[in-house]
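Going left to right, the sequence shown walks through residues 136 to 272 as this note's numbering numbers them.
The C-beta atom is built at its ideal place from N, Cα and C for all residues, glycine as well.
Keep in mind it's a predicted model, so treat the numbers as computed, not measured.
First the structure, in the form of structure tokens, and then the observations on it.
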Amino acid sequence: MLGFTIWRLKEMIGTLAKERSGVFDHEKLDAYHIAIEFVILSDVVIEHLPRGRGYLSDQLQRAALSIPLNIAEGAGEYAIDEKMRFYRMAKRSGTECAGILEVCRKLQLLDEQRYAKGRELLIRIVSILTKMAQRNN
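Okay, structure coming up:
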């Protein structure tokens, strides 16, 4: 029990030192930066959706933004269980975005190039988040 407390204290001190160095924990994560790249791509996709497809644009916008926000929130957590919960939410949002892109493609609302790029980014994000969850279990 004492070992856990000392380990926890060292972790907290290390995190505080990093925060004071001017870099947030989430800014060090590749998954976060790739997720931001996907948000930018999804914004372009949303801009090209025709009128009457607001349900798709709203859903994609919320799910896409949820990925980097949950990664950032998880990275700022101290408790491993909570950290993993946020990373799992980010992963679920990533797979939700993949489903939305597929629907857009099947409805012929999304060109193959944007679909392929979005899918590639999402596969990378989900893969990284899966490895992060396995490493912390």
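The straight-line gap separating the alpha-carbon atoms of R270 and E212 is approximately 16 Å. Per the C-alpha coordinates, the member of G234, A170, A233, A210 positioned closest to A268 is A210. Taking C-beta separations shorter than 8 Å and ignoring five residues to either side along the sequence, the partners of I171 in its chain run P203, following chain order. Rounded to the nearest whole angstrom, the C-alpha separation of M219 and K226 is 10 Å. Between R259 and I175, the CB-CB gap reaches or exceeds 8 Å.
S192 is a Cβ neighbour of L184, given a cutoff of 8 Å. 8 Å or more divides the Cβ of L195 from the Cβ of G229.
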